[in-house]
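Visitor:
In our numbering, the protein residues as written are 429 to 534.
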């Protein structure tokens with residue numbers, strides 16, 4: 429789906445995905461020492477917010493403005509800080525060695 433399609437999908441009132449993190453993300457990261465994490469194609473931010481709640485310093489990238497707006501609201505409601513980046517993950521280039529964890533999950 430393209431940016432226009434995702435923006436339309438995220439524009440609905442309810443969250444497209446649940447507010448709880450992806451269980452694979454939880455299972456694969458719960459035992460890790462928090463560090464710097466990059467969540468690619470973060471959508472509405474549920475995984476990024478959960479990681480921030482676990483003590484990670486999180487940057488999260490998505491190309492859908494409406495998804496990032498909802499992600500910001502979720503982070504605010506959970507009292508966590510995430511660096512939200514509006515960009516296309518197919519062209520976004522993070523700084524070398526900037527992250528200990530990189531994920532893409534829905």
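All C-beta atoms in this analysis are idealised placements derived from N, C-alpha and C, irrespective of residue type, glycine included. These numbers were taken from a predicted model, which means no experiment stands behind them.
#1: For residue 446, does the count of other Cβ atoms within 10 angstroms reach 16, so buried, or fall short, so exposed?
#2: Give every residue of the same chain whose Cβ lies closer than 7 Å to the Cβ of residue 448, excluding the five residues on either side of it in the sequence, and list them in chain order.
#3: Let me check one thing: in DSSP terms, what residues is residue 487 bridge-paired to?
#4: May I have the straight-line CA-CA distance separating residue 488 from residue 524, to the nearest angstrom?
#5: Would you please state the rounded distance, in angstroms, between the beta carbons of residue 468 and residue 531? I believe it to be under 8 Å.
#6: Going by DSSP, which residues form a beta bridge with residue 502?
#7: Give me, in chain order, the residues of the same chain whose beta-carbon lies closer than 8 Å to that of residue 482; leave out the 5 immediate sequence neighbours on both sides.
#8: With H, G and I counted as helix, E and B as strand and the rest as coil, what does DSSP make of residue 496?
Guide: For this structure:
#1: The residue is exposed, with fewer than 16 neighbouring Cβ atoms inside 10 Å.
#2: 474
#3: 466 and 511
#4: 16 Å
#5: 7 Å
#6: In the DSSP output, where bridge partners are listed per residue, residue 502 has none listed.
#7: 457, 458 and 462
#8: Three-state DSSP puts residue 496 in a helix.
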